[in-house]
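Okay, so the sequence shown: first residue is 1 according to the working numbering, each after it adds one. Here the structure comes first, spelled out in structure tokens, and everything after it is commentary.
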Amino acid sequence: MLACVGTQDLIVVETDDAVLVADRSHVQDIKGLVSRIKAEKSPEAEAHRKVRRPWGFYDSIDHGDRFQVKRIVVMPGARLSLQMHHHRAEHWVVVSGTALVTRGEEKFLLGENESTYIPLGVRHRLENPGCVPFQIIEVQSGAYLGEDDIVRFDDKYGRAG
């Protein structure tokens with residue numbers, strides 16, 4: 001919730017990532033503010049909390065030095081790339097729906113309130129075999145948690161990497 005009382009001539013923009021409140025007469029200063037945020041290399045300048053992907057989206061809920069927590073939603077019939085990570089392990093807990101998990105040579109279903117662990121360096125994939133979106137909570141842990149630590153082996157959306 002965002003509320004303003006007793007104000008006038010304000011521009012208020014609220015997103016998952018940030019809130020901007022500016023006097024309408026200073027709207028021209030917003031460009032300079034954004035430039036300063038980029039110059040300071042603030043993570044908000046490049047990455048958004050909620051990120052859309054061809055298979056659905058993820059929302060970065062929390063993060064710290066060696067962990068990150070995401071809510072991941074995968075649409076029916078969609079699947080993430082077969083991938084692995086050099087620097088992080090992942091714990092997945094299904095919140096709703098059914099997930100088809102590939103972990104190494106194993107394939108198995110996870111339902112609501114079930115979980116699994118993906119060790120560092122193991123090939124893995126999430127798929128949605130159901131007819132409703134599924135949601136998981138993913139807890140990443142490791143020395144480096146950047147999105148560029150994804151090594152893709154197979155991706156139906158043509159993404160490399």
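The beta-carbon is built from N, C-alpha and C at its ideal position, and this holds for glycine as well.
- Gly64 has its alpha-carbon roughly 24 Å from the corresponding atom of Leu126.
- When beta bridges are read from the DSSP output, Lys31 appears opposite no residue.
- For Ser96, the enclosing beta strand (DSSP E) covers residues 88 to 96.
- Taking Glu44 as the centre and dropping the five residues before and after it, the same chain places the C-beta of Asp17, Ala18, Ile37 closer than 8 Å to its C-beta, in chain order.
- By DSSP's assignment, Lys50 forms a beta bridge with Asp59.
- Under a 10 Å Cβ-count criterion, Thr102 is classified as buried, with 16 or more other Cβ atoms of the shown protein chains found around its own Cβ.
- Boundaries of the beta strand (DSSP E) harbouring His124: 124 to 127, taken from the DSSP string.
- Residue burial is scored here from C-beta neighbours: Lys31 has fewer than 16 other C-beta atoms within 10 angstroms and is therefore classed as exposed.
- With the rule of 3 Cβ pairs closer than 8 Å, the region 83 to 103 does not count as touching the region 39 to 57.
- When secondary structure is reduced to three states using DSSP, Ser42 falls in the coil class, being assigned neither helix nor strand.
- Inclusion of Arg53 and Ile61 in the CB contact set at 8 Å is not warranted, their separation being larger than that value.
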